[in-house]
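J.: Before I ask anything, here is the structure I am working with.
There are 2 protein chains.
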Amino acid sequence: MAVSAYPRCPSTRRRGETLEHAIFDAVVEQLQTVGFAGLTMEGVAGCARTGKAALYRRWPCKEDLVVDALHHALPSLADLPDHGNTRDDLLDLLRRVAAMVNSPTGCALQSLMAEIDRDRPFARIVHERVLEPRKRMFLTVLRRGVDRGEVRPDAASLLVAEVGPAMVVQRFLVDGAPVSDAYVEAVVDDLVMPLLRPSRST
Amino acid sequence: MAVSAYPRCPSTRRRGETLEHAIFDAVVEQLQTVGFAGLTMEGVAGCARTGKAALYRRWPCKEDLVVDALHHALPSLADLPDHGNTRDDLLDLLRRVAAMVNSPTGCALQSLMAEIDRDRPFARIVHERVLEPRKRMFLTVLRRGVDRGEVRPDAASLLVAEVGPAMVVQRFLVDGAPVSDAYVEAVVDDLVMPLLRPSRST
C-alpha cells in the first residue's frame with residue numbers, strides 16, 4: 002500500500018530537486034518499512050525509480066543519505082517567522098513538530114532512533130545535524146521573548162526549550178494517534194507560557 | 002554478550018517467583034535482541050532455560066507474556082511512599098522513571114513502542130496496563146500536594162503529570178546516554194515545581 006502511494010514516475014528524466022525529493026521520500030519510506038538496518042542504496046534507488054549511480058554520486062554511504070533525507074523532511078530552520086509575540090512563535094514551531102510526528106517522517110525517525118541506539122557514531126550525527134538544530138529553534142524563540150520583555154531571562158534555557166517538543170513526542174509515543182492541535186495549544190498555554198512569564202503578578 | 006550476562010541456571014527445578022523472574026528477564030532480553038516481531042514463546046523459553054509448556058500454562062500468547070513482563074519490570078504502583086512534600090514525592094517517582102529508561106527494560110520498551118505502532122490492539126493493551134498506570138502515579142502525587150496546600154488545584158492535571166516522564170524519556174531518546182540524576186533534579190526543580198506553586202508571591 003505504501004509503495005503504491007508513490008506517484009508513477011514519468012519516463013522523462015528527473016533532475017535536481019524533483020529527483021532529490023523522490024529520493025528523500027524513498028528513504029523515509031524505506032526507514033518505515035525495512036528500518037535502518039534493512040535500508041540499502043539499492044532499495045532506495047528502486048523505490049525512487051532511479052539508478053544506484055545517482056545516489057552514490059552524491060552520498061558515499063547510506064548514513065549520509067539518511068541524515069540528509071531527515072534534514073530535508075524535518076521542519077526547516079530557514080524560515081522562522083517572527084509573529085511579534087512568544088505564544089504565537091511557540092505555537093508555530095510546536096505545530097511543525099506535531100506535523101512532523103504525525104507524518105511518515107515521524108514514524109521513520111522513531112524507528113531509526115530505536116534502532117541506532119547501539120550504533121553510536123551515527124546516532125551522534127543524527128543528533129548534531131537533525132535534532133540539535135530543532136532544539137536551538139525553540140531557544141531562539143525564547144530569547145526573542147526575553148528581548149521583548151515577555152520571557153524571564155533564566156527561562157530561556159535548553160531545559161525549557163525542550164518541554165514543548167518532549168510533550169508532543171511523548172504524546173505520539175504513548176498514544177500513537179495523531180497529536181491534535183488542541184493538545185499542542187494546551188502544551189503552549191498551560192505548560193510553556195506559565196514557565197516563561199516574568200512574574201505572576203501580571 | 003547479553004546472553005552470557007544471564008546467571009547460569011542450576012539444575013535444580015525453579016518454581017514460582019524465581020522462574021517467573023527468569024522468564025520476564027528473558028522477555029526483556031528478547032525484545033532488545035530480536036524485537037517484538039522476532040520474539041517467540043520458544044525463544045523466551047530457551048533464553049530462560051525452561052520449557053515452552055511452562056510458558057503456555059500461564060500465558061496463552063506472546064502478547065500476554067510481554068505485557069506481564071513489562072508490568073513486572075516497570076516501577077511498581079504498590080509502593081508509593083509519602084515523603085511529606087511534593088518535591089520529594091516527585092523526585093522519587095521520576096528517579097524510578099529514569100532508572101527504568103536507563104535499564105534494559107527501557108531499551109526493550111523503546112523497541113516495542115517503535116514496532117507496535119502498526120499493531121493497534123496490542124498497543125492499546127500496553128498503554129492501558131503499562132503506561133497509563135505510571136501516569137496516574139504522578140497524578141496521585143500532584144493530588145497529595147493539593148491536599149497539603151502545596152499545589153494549585155488546577156495544576157493537578159494529566160498534562161502537568163506528563164511533564165517529568167516526557168522530559169526524561171525525551172532525553173533518553175535524543176541523547177541515548179543514561180539520564181543523569183542532575184537532569185532529573187533539574188526537571189523537578191526548574192520545570193515541574195514552578196508549574197505547581199499556588200502563587201509566585203511566596
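Just so you know, the sequences run in chain order A and B. Per the numbering used here, the very first residue in the first sequence carries number 2; after that it's consecutive. Per the numbering used here, the very first residue in the second sequence carries number 2; after that it's consecutive. From the three backbone atoms N, C-alpha and C, an ideal C-beta is built for every residue, glycine too.
If we ignore side chains and look at the alpha-carbon of each, how far apart do B:V193 and B:K63 end up?
T.: Here residue 193 of chain B is taken as the residue at index 192 of the second sequence, counted from 1. Here residue 63 of chain B is taken as the residue at index 62 of the second sequence, counted from 1. Their Cα atoms are separated by approximately 38 Å.
J.: Please tell me whether B:E129 has its Cβ less than 9 Å away from any Cβ of chain A.
T.: Taking the second sequence and counting its residues from 1, the one referred to as residue 129 of chain B is at position 128. No, B:E129 does not count as interfacial toward chain A.
J.: For B:C62, which three-state DSSP category applies?
T.: What you label residue 62 of chain B is simply residue 61 of the second sequence in a count that begins at 1. DSSP places B:C62 in coil when its eight states are reduced to three.
J.: Between B:R198 and B:G146, what straight-line distance do the alpha-carbon atoms span, to the nearest angstrom?
T.: On the second sequence, position 197 is the one that residue 198 of chain B refers to. On the second sequence, position 145 is the one that residue 146 of chain B refers to. B:R198 and B:G146: Cα-Cα distance of roughly 10 Å.
J.: Select from B:D26, B:F37, B:Q33, B:F25 the residue whose C-alpha is nearest the C-alpha of B:I1.
T.: Here chain B comprises residues numbered 2 to 203, so residue 1 of chain B is not present and cannot be evaluated.
J.: Can you name the residues of chain B whose CB is closer than 7 Å to the CB of A:E163?
T.: As a first step, residue 163 of chain A must be located in the first sequence, where it is residue number 162. Those are M168, Q171, listed as they occur along chain B.
J.: Let's see if you can read the secondary structure: which residues bound the alpha helix (DSSP H) around B:S104?
T.: Mapped onto the second sequence, residue 104 of chain B falls at position 103. Segment: none, B:S104 is in no alpha helix (DSSP H) and carries neither H nor E.
J.: Kindly indicate which residue of B:Y57, B:D182, B:P61, B:F123 has the alpha-carbon position closest to the one of B:R99.
T.: On the second sequence, residue 99 of chain B is found 98 positions in, with the first residue counted as 1. Correcting the residue identity first, residue 99 of chain B is Ala in this sequence and not Arg. Ranking the options by Cα distance to B:A99, first place goes to B:D182.
J.: Have a look at A:A167, A:E21, A:A49 and flag the residue whose alpha-carbon is nearest the alpha-carbon of A:A27.
T.: In the first sequence, the residue the question calls residue 27 of chain A occupies position 26. Nearest C-alpha to A:A27: A:A49.
J.: Tell me which residues of the region 174-190 of chain B have at least one Cβ-Cβ distance to chain A shorter than 8 Å, keeping chain order.
T.: Here the close residues are L174, V175, D176, G177, A187, V188.
J.: Among A:L56, A:G85, A:L94, A:F173, which has the Cα closest to the Cα of A:A109?
T.: Here residue 109 of chain A corresponds to residue number 108 of the first sequence, with the count starting at 1. Comparing Cα positions, the closest option is A:F173.
J.: The alpha helix (DSSP H) with B:V169 in it runs from where to where?
T.: For the purposes of this step, residue 169 of chain B is identified with residue 168 of the second sequence, where counting begins at 1. Segment 159-176, the alpha helix (DSSP H) holding B:V169.
J.: Indicate whether the contact test is met: 3 or more Cβ pairs, each with one atom in the region 156-167 of chain A and one in the region 65-77 of chain A, closer than 8 Å.
T.: The region 156-167 of chain A vs the region 65-77 of chain A: no contact.
J.: Taking any Cβ of chain A, which residues in the region 98-112 of chain B have a Cβ under 7 Å from it, in chain order?
T.: Per Cβ criterion, the list reads C108, Q111, S112.
J.: How is B:L71 classed by DSSP in three states: helix, strand or coil?
T.: Locating residue 71 of chain B in the second sequence gives position 70, where the first residue counts as 1. It is helical.
J.: Going along the chain, which residues of its own chain have a beta-carbon closer than 7 Å to the beta-carbon of A:R88, five neighbours each way excluded?
T.: Taking the first residue of the first sequence as 1, we reach residue 88 of chain A at position 87. Result list for A:R88: V189, M194, in chain order.
J.: Tell me which residues share the same chain as B:P82 and place their Cβ nearer than 7 Å to its Cβ, disregarding the 5 neighbours each side in the sequence.
T.: By one-based count along the second sequence, residue 82 of chain B stands at place 81. Taken in chain order, the residues that qualify are D93.
J.: What residues of chain B sit near A:M114, judged by a beta carbon separation below 9 Å?
T.: Walking along the first sequence from the start, residue 114 of chain A turns up at place 113. Those are Q111, A115, L174, V175, G177, listed as they occur along chain B.
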